Every structure is written in C-alpha cells, then in structure tokens.
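The structure appears right after this line, and notes come after that.
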Amino acid sequence: MKRARLIYNPTSGREEMRRRLPDILQRLDQGGIEASCHATTGEGDGAAAAADAVERGYDMIIAAGGDGTLYEVVNGMAGKENVPPLGVFPLGTTNDFARGLGIPRNWEDYCDLVIRQQTRPIDVGKANDRYFINIAGGGTLTELTYDVPSRLKTMIGQLAYYIKGIEKMVSLSPQELIINAEGLGTIHDEFMLFLITNTNSVGGFEKLAPGARIDDGMLDVIALKKCNLAEFVRIVTLALRGEHLNDKKVLYFRTPSMEVTSPGKVLINLDGELGGTLPGHFSVLHQHLKIFA
Numbered sequence: 040m041k042r043a044r045l046i047y048n049p050t051s052g053r054e055e056m057r058r059r060l061p062d063i064l065q066r067l068d069q070g071g072i073e074a075s076c077h078a079t080t081g082e083g084d085g086a087a088a089a090a091d092a093v094e095r096g097y098d099m100i101i102a103a104g105g106d107g108t109l110y111e112v113v114n115g116m117a118g119k120e121n122v123p124p125l126g127v128f129p130l131g132t133t134n135d136f137a138r139g140l141g142i143p144r145n146w147e148d149y150c151d152l153v154i155r156q157q158t159r160p161i162d163v164g165k166a167n168d169r170y171f172i173n174i175a176g177g178g179t180l181t182e183l184t185y186d187v188p189s190r191l192k193t194m195i196g197q198l199a200y201y202i203k204g205i206e207k208m209v210s211l212s213p214q215e216l217i218i219n220a221e222g223l224g225t226i227h228d229e230f231m232l233f234l235i236t237n238t239n240s241v242g243g244f245e246k247l248a249p250g251a252r253i254d255d256g257m258l259d260v261i262a263l264k265k266c267n268l269a270e271f272v273r274i275v276t277l278a279l280r281g282e283h284l285n286d287k288k289v290l291y292f293r294t295p296s297m298e299v300t301s302p303g304k305v306l307i308n309l310d311g312e313l314g315g316t317l318p319g320h321f322s323v324l325h326q327h328l329k330i331f332a
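When we follow the numbering used here, the leftmost residue of the sequence shown carries the number 40, and every step to the right adds one.
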C-alpha cells in the first residue's frame with residue numbers, strides 16, 4: 040500500500056475540505072493509498088509540512104486548498120532531491136493552476152486519477168530563492184491578491200477580487216522597470232504590471248497567455264505599458280477574448296530566464312502570495328515535478 044501525505048487548508052473553499060475529508064480518505068484507502076493528514080495553521084506551515092513529508096519518504100504529497108496552499112507546498116518540495124509526485128485538490132477562489140491543467144474539481148474524479156497514479160511532468164518557476172508553479176509578477180495591480188481579506192474571499196469568492204480591482208483602478212500608477220531577458224535583451228520603460236506565467240490561466244483569465252505550456256521549459260511574459268484608465272479597460276476587454284497580445288500597450292515574449300529591476304520599490308507576487316521585492320531573477324526548472332493530472 041502506498042503512503043500519501045495530505046496537506047490541506049481547513050479554511051479554503053468555504054471550508055469544503057472539512058466536510059469532504061472522511062470521504063476522500065476512505066476512497067483513497069479503497070484504492071490502495073493510505074493517507075495521513077496535516078491541517079495548515081498559518082503562513083509557512085504548509086511549506087514546512089511538505090518538506091517534512093519529503094524527508095519522511097512519503098510516496099506522494101497531496102495539496103488541498105487554493106493557489107496559496109499549493110504555493111507553500113511547492114516551496115517545501117521543490118528544493119529537495121527525490122521528490123514524490125504531487126496531487127492537487129482545487130478548493131480556492133480562482134484555482135488558476137488547476138484550471139490551467141484541467142484538473143477536475145470533482146473530488147471523486149480526482150481521487151480516482153490519483154489512485155491510477157496518472158502523472159505528467161511540469162515546469163517549476165524560480166524567483167530568487169523561492170519557487171512558483173503558476174505565476175510571478177509585479178506592479179500595483181498584482182497586489183490585489185494579497186490585498187483581499189481571506190474572509191472576504193471565503194464569503195464571496197472571485198467577486199472579492201473584482202471589488203478590490205475597482206478600488207485600485209482609480210489610483211493606477213506606472214512603475215519604472217528594467218527587464219533583461221535571455222534572447223530578448225534589455226527593455227527600460229514604465230509599466231503598470233508584469234506577469235510571468237507558467238500556464239494559460241491567470242487570475243481567472245483563461246486566455247491571458249494562450250500559448251503558455253506547463254512543460255516546455257519557457258516562461259511566457261506579459262507586461263502592460265503605461266496607460267490611462269480607458270486604455271486599461273480596453274485591454275482587459277481584449278484579454279477576456281485572448282486578443283490583447285498584439286496591442287501596442289502590451290509587451291509579450293517567451294524566455295527561459297530574465298532579470299527585472301527598478302529604481303523604486305516593487306513588490307513581487309508569487310502565485311498570489313507576497314514574494315519579496317525587486318530586483319528579481321526569474322528562471323524555469325524544466326519538468327522539475329511530476330503531478331497527478
């Protein structure tokens with residue numbers, strides 16, 4: 040019988056995991072997987088639990104929660120040697136990574152996929168000394184994800200981001216960035232934000248990076264140049280249809296590594312979590328993890 044460590048956020052998805060946990064454990068057990076559980080208690084706890092699970096030789100690690108829970112688990116695993124496969128129960132507000140990979144929301148279907156041990160290799164992004172699995176970014180608009188209170192996200196879901204976004208729109212301001220990307224050279228300009236994506240799903244936008252692939256060893260980079268509110272609304276409308284990449288206000292390229300610096304203070308967003316400040320060195324670890332998908 041295989042051993043799994045299930046690391047879950049008890050507050051994600053309107054506390055859905057609390058209700059589903061006995062059923063999930065029973066279904067895994069019937070499929071030959073003995074799972075023990077760890078409920079996260081605060082910032083950093085998921086990463087510590089994942090690192091401990093790797094050290095203890097579990098056959099697989101399963102993260103249950105939102106993108107923040109997955110970010111912590113990946114950071115606990117990615118720097119280790121001989122890491123086991125990773126599973127993901129998507130229970131958060133946007134679940135960008137799970138959506139980008141087509142991971143089923145139905146817990147029974149996903150349990151069966153794990154039982155079949157169906158895996159695929161995926162790239163992992165690295166930002167300075169941290170890891171990200173879906174997106175890295177910077178700029179005023181990327182601060183939305185950690186500006187929204189967790190209780191508000193639990194109550195009203197993705198609508199919480201739109202509410203906070205409307206507040207941000209009235210005070211949009213560009214930031215000076217110097218981007219030095221392998222294969223592209225140096226770009227020095229004012230930007231509203233930059234996004235480095237590993238999948239095609241970002242912030243609920245499923246066509247933001249339509250060409251992004253999780254296993255190609257490349258990062259897809261989208262940067263929005265200085266614009267006014269009307270231009271910003273126009274570009275968002277185009278992004279909903281996946282028609283924004285050719286707009287003159289949008290910089291788009293693909294690269295395996297890049298440096299981003301700024302004379303000002305720019306926060307780094309990693310999978311929706313605060314990841315320090317610029318300067319930042321961003322790179323991709325090609326097919327670094329195996330995931331049940």
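By construction, the Cβ of each residue, glycine as well, lies at the ideal position given by its N, Cα and C atoms. Because the structure is a prediction, the values reported are computed rather than measured.
task = Mark asparagine 173 as exposed unless 16 or more other C-beta atoms lie within 10 angstroms of its C-beta, in which case mark it buried.
result = Buried is the call here.
message = Just to check my reading of the structure: threonine 316 and valine 305 have Cβ atoms closer than 8 Å, yes? What is that Cβ distance to the nearest angstrom?
response = With a Cβ gap of about 6 Å, threonine 316 and valine 305 count as contacting.
ask   = Quick one, which of Gly224, Gly222, Ala92 and Gly256 has its alpha-carbon nearest asparagine 237's?
value = Of the candidates Gly224, Gly222, Ala92 and Gly256, the one whose C-alpha sits nearest the C-alpha of asparagine 237 is Gly256.
query = So cysteine 76 is in the beta strand (DSSP E); what residue range does that whole segment cover?
reply = Here the beta strand (DSSP E) through cysteine 76 covers 72 to 78.
inquiry  = Rounded to the nearest angstrom, what separates aspartate 151 and leucine 67 at their Cα positions?
reply    = Aspartate 151 and leucine 67: Cα-Cα distance of roughly 8 Å.
query = From this set, His325, Asp254 and Thr179, which residue's C-alpha is nearest methionine 231's C-alpha?
reply = Checking every option, the nearest Cα to that of methionine 231 belongs to Thr179.
request  = Label glutamate 111 either buried or exposed according to how many other C-beta atoms from any shown protein chain fall within 10 Å of its C-beta, with 16 as the threshold for buried.
outcome  = Buried is the call here.
inquiry  = Since glycine 314 and alanine 88 should fall inside the 8 Å C-beta cutoff, what is the C-beta to C-beta distance between them, to a whole number of angstroms?
reply    = The C-beta distance from glycine 314 to alanine 88 rounds to 20 Å, too long to fall under 8 Å, and the pair is not in contact.
ask   = Using the C-alpha atoms, what's the distance from alanine 102 back to arginine 159?
value = Between arginine 159 and alanine 102, the C-alpha separation is close to 16 Å.
Nearest-angstrom Cα separation, counted from glycine 104 out to alanine 1 = In the structure displayed, the chain extends from 40 to 332; residue 1 sits before or after that span and is not available.
request  = Give the DSSP bridge partners of threonine 238, in chain order.
outcome  = The bridge partners DSSP lists for threonine 238 come to none.
ask   = Taking just the CA atoms, how far does phenylalanine 128 sit from valine 289?
value = When rounded, the distance between both Cα atoms is 33 Å.
request  = Would you mind working out which of Phe233, Gly319 and Glu215 sits nearest alanine 262, comparing C-alpha positions?
outcome  = That would be Phe233, whose Cα lies nearest to the Cα of alanine 262.
Euclidean distance between Cα positions of tyrosine 149 and glutamine 157 = Their Cα atoms are separated by approximately 10 Å.
key: For valine 272 and glutamine 214, the rounded distance between their alpha carbons   = Whole-angstrom Cα-Cα distance: 19 Å.
query = Enumerated in chain order, which unbroken segments of the alpha helix (DSSP H) with a length of 4 residues or greater are wholly contained in the stretch 41 to 104?
reply = The stretch 41 to 104 is shown to contain whole alpha helix (DSSP H) runs of 4 or more residues at 51 to 69 and 84 to 94, in chain order.
request  = May I ask you to report which of helix, strand or coil DSSP gives glutamate 312?
outcome  = In the three-state reduction of the DSSP assignment, glutamate 312 falls in the strand class.
query = Would you call glycine 96 buried or exposed, if buried means 16 or more other Cβ atoms sit within 10 Å of its Cβ?
reply = Per the 10 Å Cβ criterion, exposed.
task = Leaving aside the five residues before and after phenylalanine 171 along the sequence, list all residues of the same chain whose C-beta is less than 6 Å from its C-beta, in chain order.
result = Cβ within range, chain order: Gly164, Leu309 and Asp310.
query = Which residue or residues does DSSP assign as beta-bridge partners of serine 322?
reply = Per DSSP, Lys165 and Ser296.
query = Hey, how far is the Cα of isoleucine 46 from the Cα of alanine 90?
reply = For isoleucine 46 and alanine 90, the distance between alpha carbons rounds to 11 Å.
Endpoints, the beta strand (DSSP E) within which aspartate 259 is located = Boundaries of the beta strand (DSSP E) around aspartate 259: 258 to 264.
request  = List the residues that DSSP assigns as beta-bridge partners of arginine 159.
outcome  = In the DSSP output, where bridge partners are listed per residue, arginine 159 has Ile330.
query = With C-beta atoms as the reference, is alanine 86 less than 8 Å away from leucine 328?
reply = Their beta carbons are not under 8 Å apart, which means alanine 86 does not touch leucine 328 by this criterion.
ask   = Just reading off the alpha helix (DSSP H) that asparagine 219 is part of, what are its end residues?
value = That residue, asparagine 219, is in no alpha helix (DSSP H); its beta strand (DSSP E) goes 214 to 220.
Cβ distance (whole Å) where phenylalanine 321 is taken to contact serine 301 below 8 Å = Actually they are not in contact, since the Cβ atoms of phenylalanine 321 and serine 301 sit about 14 Å apart, beyond 8 Å.
task = Can you tell me which of the three DSSP states glycine 118 falls into?
result = DSSP places glycine 118 in coil when its eight states are reduced to three.
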